[in-house]
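Chains as they are written, first to last, in the working numbering: chain A, 1 to 351; chain B, 1 to 173.
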């Protein structure tokens with residue numbers, strides 16, 4: 001376990017600007033890029049993996065933005081460290097599990113990161129707080145251009161950037177927004193919304209991206225189509241759809257509060273009661289109750305906490321984060337005690 | 001201004017189409033623009049009007065990897081000369097072996113890309129320089145950058161000329 005000092009670092013995309021009522025949490029844009037002719041990481045031999053790793057590492061070292069940025073070789077990190085990076089949304093689930101020579105470059109405040117030898121040679125990611133897709137894209141395209149000065153990208157003038165999986169071919173761009181949709185879950189409209197998203201070329205995923213579970217009513221909504229529309233088009237379209245989803249969620253919240261105010265208040269205060277009093281709590285439960293308290297803040301209910309603290313808890317109570325914070329591996333049941341203690345303290349001190 | 005199509009509603013969508021050196025300006029209302037497939041369908045419509053959208057039927061059921069490759073396809077004997085991957089390798093793993101695989105399996109991949117994305121024409125960013133490509137490829141890449149710039153500046157006549165040059169070069173390939 002070597003990443004404890006990262007616990008003290010500020011996560012830039014959690015710094016809420018207070019512009020939104022907490023329905024959109026963060027905006028992310030990622031680009032998939034590959035080096036021309038070198039086999040994609042899954043197919044590459046050890047030597048070929050080293051070749052792409054070194055080339056990309058060299059490129060990063062020459063870019064001003066990444067000056068002093070840590071370049072990690074994931075092989076040197078244990079299971080808990082890798083999960084910790086996944087929990088901070090710096091790497092994908094696949095990258096945390098896979099073997100072979102894999103890397104991660106972490107930019108300032110974790111607003112920009114770069115995975116080396118994931119499914120593609122290069123995955124660049126930009127994250128911003130709330131609904132700021134355009135800003136995330138603006139920064140990302142500059143870095144992409146800088147990297148491109150040093151690297152020969154695999155590209156076809158017909159079908160665009162060439163990626164290991166054809167679902168990313170073209171722009172190689174996946175833009176996504178992490179959304180908190182408790183009202184749509186409560187009024188059971190969520191499945192209709194998710195199906196509708198599918199119909200217009202969007203998809204909703206769980207908290208940690210592809211193939212992961214939805215927890216705490218948090219959904220990642222992203223584009224599916226990467227070939228055809230250009231980057232600006234993808235971002236505009238996603239932004240527009242997210243705004244529509246925000247409207248549904250707000251409508252749902254208003255209806256809930258109008259029709260069953262007492263019931264909603266009960267759910268919120270019970271959740272808060274558990275969080276401030278529990279002595280043992282799992283991560284899934286934590287997420288469920290944090291979601292309800294977030295909703296309570298939206299309704300201006302009298303709660304002795306604020307959104308920033310809830311955001312912080314969402315990150316810090318994750319299993320690997322807890323283990324990093326105590327500096328040792330813990331059995332799940334033991335973690336649940338420490339988690340409850342941490343939540344009580346944060347809620348008490350952060351009023 | 002009234003819509004060119006229905007001549008009833010106020011035109012709110014204005015755009016310029018350039019086809020074979022001919023510039024046509026369109027002024028359409030929301031309804032007609034949607035019918036012509038110019039506007040992206042909105043989430044509201046997908047929610048309330050049922051699955052009549054072309055893109056919808058294309059993408060329904062393709063939400064995650066797996067389904068598109070399960071289709072019965074004839075055996076492909078070719079091997080990628082660069083990484084030695086076969087099309088069966090791709091069918092099994094869902095991942096191609098290297099950038100050259102796109103050339104080797106172009107015939108098989110184009111219909112798949114069309115099913116996945118509804119298009120097989122990239123219109124987005126273009127890399128700065130293509131180091132190892134032939135003269136013609138380099139020229140096309142540069143022209144595409146120019147094309148993109150022209151479109152951004154809304155210089156459509158210039159864009160059309162560049163586009164036709166690209167087509168000409170690609171025909172020769």
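Beta carbons: idealized from backbone N, C-alpha and C, even for Gly.
Beta bridge pairing from DSSP links residue 205 of chain A with A:220. Proximity of the region 225-245 of chain A to the region 255-262 of chain A falls short of the contact definition, fewer than three beta-carbon pairs being nearer than 8 Å.
Residue 26 of chain B and residue 2 of chain B have their alpha carbons spaced roughly 11 Å apart. Partner residues in the beta bridge of residue 175 of chain A, as assigned by DSSP, are A:29. With at least 16 other beta carbons inside 10 angstroms of its own, residue 124 of chain B counts as buried. Contact between the region 242-252 of chain A and the region 183-203 of chain A is present: 3 or more CB-CB pairs across the two stretches fall below 8 Å. Under the Cβ distance rule, residue 302 of chain A does not count among the residues neighbouring chain B, no pair being separated by less than 8 Å.
Per DSSP, reduced to three states, the secondary structure at residue 63 of chain A is coil, with no helix or strand assignment. Under the three-state reduction of DSSP output, residue 194 of chain A falls in the helix class. In the three-state reduction of the DSSP assignment, residue 3 of chain A falls in the coil class. Considering only B:122, B:83 and B:166, the residue with the shortest C-alpha distance to residue 156 of chain A is B:122. By alpha-carbon distance to residue 105 of chain B, the top candidate from B:170, B:83 and B:119 is B:83. Annotation: residue 27 of chain B has no Cβ neighbours in chain A at a cutoff of 7 Å; minimum Cβ distance is about 21 Å.
Shown here for residue 152 of chain A: same chain residues with a beta carbon closer than 7 Å to its own, the five before and five after excluded, namely 35 and 36 in chain order.
Apart from sequence neighbours up to five positions away, the residues of its chain that approach residue 17 of chain A with a beta-carbon distance below 7 Å are 129 and 130, ordered along the chain. By the Cβ rule, the region 81-88 of chain A does not count as touching the region 129-146 of chain A, because fewer than three pairs are nearer than 8 Å. Not flagged as an interface residue toward chain A: residue 3 of chain B, since no C-beta distance is shorter than 8 Å.
The beta carbon of residue 3 of chain A lies closer than 8 Å to those of 77, 81, 84, 85 and 324 in the same chain, with the five residues before and after it left out.
Per the coordinates, the alpha-carbon of residue 317 of chain A lies some 16 Å from the alpha-carbon of residue 9 of chain A. At a beta-carbon threshold of 7 Å, none of the residues of chain A lie near residue 145 of chain B; the nearest stands roughly 10 Å away. A Cβ-Cβ distance of about 4 Å is found for the pair residue 140 of chain A and residue 126 of chain A, placing them in contact under the 8 Å criterion.
For residue 327 of chain A, the number of other beta carbons within 10 angstroms of its own is below 16, and it is reported as exposed. In this structure, the CA atom of residue 105 of chain A is about 15 Å from the CA atom of residue 11 of chain A.
Between the alpha carbons of residue 210 of chain A and residue 219 of chain A lies a distance of about 11 Å. Within a 10 Å sphere around the beta-carbon of residue 7 of chain A sit fewer than 16 other beta-carbons, which makes this residue exposed. Secondary structure of residue 105 of chain A (DSSP, three-state): strand. For residue 24 of chain A, same chain residues with a beta-carbon under 6 Å away, outside a window of 5 residues either side, are 130, 131, 177 and 179 in chain order. One Cα belongs to residue 270 of chain A, the other to residue 333 of chain A, and the distance between them is close to 23 Å. Between residue 122 of chain B and chain A, the shortest Cβ-Cβ separation is below 8 Å. Taking 8 Å as the upper bound on Cβ-Cβ separation, chain B lies near residues 144, 145, 148, 149, 152, 153, 154, 155, 156, 157, 158 and 159 of the region 142-159 of chain A. Interface residue (Cβ-Cβ distance to chain A less than 8 Å): residue 82 of chain B is classified as such.
Each residue's CA atom was taken as its position, placing residue 148 of chain B and residue 216 of chain A some 42 Å apart. Residue-level contact check: residue 125 of chain B touches chain A, since one or more beta carbons of chain A fall below 8 Å from its beta carbon. Counting only residues of its own chain and dropping the five nearest sequence neighbours on each side, residue 14 of chain A has a CB closer than 6 Å to the CB of 311. Taking C-beta separations shorter than 6 Å and ignoring five residues to either side along the sequence, the partners of residue 163 of chain A in its chain run 32, 120, 169 and 172, following chain order.
Within its own chain, the residues whose Cβ lies closer than 7 Å to the Cβ of residue 308 of chain A, once the five positions on either side in sequence are excluded, are 16, listed in chain order.
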